[in-house]
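S.K.:
Numbering (UniProt numbering), first residue to last: 1 to 428.
1. Compute the Euclidean distance between the alpha carbons of residue 2 and residue 76, then round it to the nearest angstrom.
2. To the nearest angstrom, report how far apart residue 267 and residue 39 are at their CA atoms.
3. Which stretch, first to last residue, makes up the alpha helix (DSSP H) that contains residue 144?
4. Starting from the Cα of residue 105, find the closest Cα among 378, 211, 43 and give me that residue.
5. Evaluate contact between the segment 112–128 and the segment 167–177, counting only Cβ atoms and requiring at least three cross-stretch pairs below 8 Å.
6. I need the boundaries of the beta strand (DSSP E) containing residue 29, first residue and last residue.
7. For the alpha helix (DSSP H) containing residue 409, list its first residue and its last residue.
8. Excluding the 5 residues flanking residue 57 on each side, which residues of the same chain have their C-beta closer than 7 Å to its C-beta?
9. Looking at C-beta atoms only, is the number of pairs between the segment 239–256 and the segment 344–354 that lie closer than 8 Å three or more?
10. Grab me the residues of residue 323's own chain with a C-beta within less than 6 Å of its C-beta, minus the 5 sequence neighbours each way, in chain order.
11. Which residue's Cα is closest to the Cα of residue 311: 224, 270, 93?
12. Going residue by residue through the segment 323–398, where are the continuous beta strand (DSSP E) segments of at least 3 residues, counting only ones entirely within it?
13. Using beta-carbon positions only, say whether residue 115 and residue 148 come within less than 7 Å of one another.
14. State the start and end residues of the unbroken alpha helix (DSSP H) segment that holds residue 44.
15. Should residue 143 go down as buried or exposed, given a rule of 16 or more other Cβ atoms within 10 Å for buried?
16. Skipping 5 residues on each side, what residues in its chain have a beta carbon closer than 7 Å to that of residue 336?
17. My assumption, with CB atoms under 8 Å, is that residue 216 sits in contact with residue 236. Please give the rounded CB distance.
18. Do residue 301 and residue 319 come within 7 Å of each other at the CB atom, strictly closer than that value?
19. Is residue 243 near the ligand HEM, judged by its Cβ being under 6 Å from some heavy atom?
20. Going residue by residue through the segment 153–236, where are the continuous beta strand (DSSP E) segments of at least 3 residues, counting only ones entirely within it?
21. Under the three-state reduction of DSSP, which class applies to residue 11: helix, strand or coil?
22. Tell me the DSSP secondary structure of residue 109 in three-state form.
23. Is the Cβ of residue 285 closer than 7 Å to any Cβ of chain B?
24. Taking three-plus beta-carbon pairs below 8 Å as touching, is the segment 373–384 in contact with the segment 396–410?
25. Does the Cβ of residue 443 have 16 or more other Cβ atoms within 10 Å, making it buried, or fewer, making it exposed?
26. Where DSSP assigns a beta bridge to residue 299, which residues make up the other side?
27. In three-state DSSP terms, what is residue 241?
28. Cα separation between residue 465 and residue 317?
29. To the nearest whole angstrom, what separates the beta carbons of residue 206 and residue 164, a pair I think is in contact under 8 Å?
30. Given that a residue counts as buried once 16 or more other Cβ atoms are within 10 Å of its Cβ, and exposed if not, what is residue 408?
31. Between the C-alpha atoms of residue 253 and residue 123, what's the straight-line distance to the nearest angstrom?
32. Short of 7 Å in beta carbon distance, which residues of its chain neighbour residue 20, apart from the five on each side in sequence? Order them along the chain.
33. Could you tell me the distance, in whole angstroms, from the CA atom of residue 211 to the CA atom of residue 284?
34. What does the alpha-carbon distance come out to for the pair residue 159 and residue 358?
35. Going by the beta-carbon positions, is the gap between residue 24 and residue 356 smaller than 7 Å?
36. Name the one or two DSSP bridge partners that residue 73 has.
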């Protein structure tokens, strides 16, 4: 019995030339990841050590009402802190003491570095060790950086999870670890499919609560659900865990190959795999076919933004009939994205990093039907007549696995339909 999937291209993009660019970037900073992480980790709190600008960014991105009790906040660095006129560590200790006394439900506290805290060389790693000693074992204090100086917005999650891995308990148990934050309903779908295949025990990182933290050891195998977890991948590998490489679960093909790689690892028979996946695969194919009518034959240009770009390009070209002109990504981890690049037919420019002016010039020269980019570029490109898709929406919207495959195609189809309607109305 064989999987009913399109054959791989004669030549993929894994070993092709990469255009490496280093210049002006247009991306959100890594603090943005807190917006989905604080919803996922129910007993965690994310304390950004930064400026009022950091606080405004988080509040605007989260849309938090003033009377809400979110699981994040900002310890504001004032002018005297930045000028070295105050003991920032003593002030940080006081703020943490106030926070924990007011929020006794906190079991994990993340000190999140920002551009201002890094500029003044505030050692948050040492602060986390000191505060863990003071407030442990009830509260574990971690630190990671979300600074926009060095990170794109999805790297905040990667840095957060990588900071947790060294503290996970050791285990000899053979377990499957799913790595990466997903909306609860999507995570439940993934676990349900894997459980139906007879795979288990299944653990998840990040866990909803500190007490549910998974163990890691030489018998742990892990599957990533997000392509931007390079540091976390490295941290788990150093703990002895083994990565199950596969295309990422976007669309029917990606989801099937992701599940098949795990099923093969756990010895699931082809008949059992077909029994469990046949119905959701059929639903996914039908939903993608309906949404992709607008996408067939259209050209696509990805600005580097989220690190999802190669996986999404594979989905859009193979399942939706689009052609990719350029696939830009902030960082290209071949060990993680290799299986997707194998399925992405040779042809598009694969670029790593960003020189935004040069990439804008290439968009103008190639005139793609759809350009996927950050918010800061979308409006200027729209003003020039280009049709754009906000890259950040692809992270905030449920798009993984079979039941979301049609929604994922629809996210790309909507801007093209909107443009067609506007042109029709203008002609009338």
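Every residue, glycine too, gets a C-beta built ideally from N, C-alpha and C. Since the model is a prediction, treat every value here as computed from it, not as a measurement.
M.R.: Let me spell this out:
1. Walking along the chain shown from the start, residue 2 turns up at place 2. Walking along the chain shown from the start, residue 76 turns up at place 76. Note that residue 2 scores a pLDDT of 49, beneath 50, so its modelled location is shaky and nothing firm can be said.
2. Within the chain shown, numbered from 1, the residue matching residue 267 stands at position 267. Within the chain shown, numbered from 1, the residue matching residue 39 stands at position 39. Rounded to the nearest angstrom, the gap between the Cα atoms of residue 267 and residue 39 is 35 Å.
3. Walking along the chain shown from the start, residue 144 turns up at place 144. From DSSP, residue 144 is part of no alpha helix (DSSP H) but of the beta strand (DSSP E) over 140–145.
4. Here residue 105 refers to the residue found at position 105 of the chain shown. That would be 43, whose Cα lies nearest to the Cα of residue 105.
5. no
6. Taking the first residue of the chain shown as 1, we reach residue 29 at position 29. Element bounds for residue 29: n/a, residue is neither H nor E.
7. On the chain shown, residue 409 is found 409 positions in, with the first residue counted as 1. Start and end: 405–427.
8. The residue labelled residue 57 in the question sits at position 57 within the chain shown. Hits under 7 Å: 31.
9. no
10. Taking the chain shown and counting its residues from 1, the one referred to as residue 323 is at position 323. Taken in chain order, the residues that qualify are 299.
11. As a first step, residue 311 is located in the chain shown; it is residue number 311 there, counting from the start. That would be 224, whose Cα lies nearest to the Cα of residue 311.
12. Taken in chain order, the complete beta strand (DSSP E) segments of 3 or more residues contained in the segment 323–398 are 323–329, 349–354, 370–373, 388–390.
13. Taking the chain shown and counting its residues from 1, the one referred to as residue 115 is at position 115. Taking the chain shown and counting its residues from 1, the one referred to as residue 148 is at position 148. If you check the CB distance, residue 115 and residue 148 come in under 7 Å.
14. As a working note, residue 44 is residue 44 in the chain shown. Here residue 44 belongs to no alpha helix (DSSP H); instead the beta strand (DSSP E) covers 44–50.
15. As a working note, residue 143 is residue 143 in the chain shown. Residue 143 comes out buried.
16. Residue 336 sits at position 336 when you count from the first residue of the chain shown. If we look at residue 336 and ignore the five residues flanking it on each side, its Cβ neighbours are 224, 227, 230, 233.
17. Numbered from 1 along the chain shown, position 216 holds the residue referred to as residue 216. Numbered from 1 along the chain shown, position 236 holds the residue referred to as residue 236. Yes, residue 216 and residue 236 are in contact; Cβ-Cβ is about 6 Å, under 8 Å.
18. Translated into the one-based positions of the chain shown, residue 319 becomes position 319. Translated into the one-based positions of the chain shown, residue 301 becomes position 301. Judged by their CB atoms, residue 319 and residue 301 are not nearer to each other than the 7 Å cut-off.
19. With respect to the ligand HEM, the structure shown offers nothing to examine, as it has no ligands at all.
20. 175–179, 202–205, 220–224
21. Walking along the chain shown from the start, residue 11 turns up at place 11. If DSSP states are grouped into helix, strand and coil, residue 11 belongs with coil.
22. Position 109 of the chain shown, counted from the first residue, corresponds to residue 109. The answer is strand: DSSP assigns residue 109 an E or B state.
23. The chain labelled as chain B is not found in the depicted structure, where only one protein chain is given.
24. Taking 8 Å as the limit for Cβ pairs, the verdict is that the segment 396–410 does not touch the segment 373–384.
25. In the structure displayed, the chain extends from 1 to 428; residue 443 sits before or after that span and is not available.
26. Residue numbering aside, residue 299 sits at position 299 when the chain shown is read from its first letter. BP columns for residue 299 point to 323.
27. Locating residue 241 in the chain shown gives position 241, counting from the first residue. Taken through DSSP and simplified to helix, strand or coil, residue 241 comes out as coil.
28. Residue 465 cannot be examined here, being either before or after the span of the chain that is shown, 1 to 428.
29. Here residue 206 refers to the residue found at position 206 when the chain shown is read from its first residue. Here residue 164 refers to the residue found at position 164 when the chain shown is read from its first residue. The Cβ separation is near 7 Å, so the contact holds.
30. The residue labelled residue 408 in the question sits at position 408 within the chain shown. Residue 408 is buried by the Cβ-count criterion.
31. Along the chain shown, read from residue 1 onward, the residue named residue 253 stands at position 253. Along the chain shown, read from residue 1 onward, the residue named residue 123 stands at position 123. If I take the Cα positions, the gap works out to 45 Å.
32. Numbered from its first residue, the chain shown carries residue 20 at position 20. The beta carbon of residue 20 sits closer than 7 Å to the beta carbons of 352, 353 from its chain, once the five residues preceding and following it are set aside; these are given in chain order.
33. Start at 1 with the first residue of the chain shown, and residue 211 comes out as number 211. Start at 1 with the first residue of the chain shown, and residue 284 comes out as number 284. Computed Cα separation, rounded: 35 Å.
34. As a first step, residue 159 is located in the chain shown; it is residue number 159 there, counting from the start. As a first step, residue 358 is located in the chain shown; it is residue number 358 there, counting from the start. Whole-angstrom Cα-Cα distance: 29 Å.
35. The residue you call residue 24 lines up with position 24 of the chain shown. The residue you call residue 356 lines up with position 356 of the chain shown. Contact: yes.
36. Here residue 73 corresponds to residue number 73 of the chain shown, with the count starting at 1. Per DSSP, 47.
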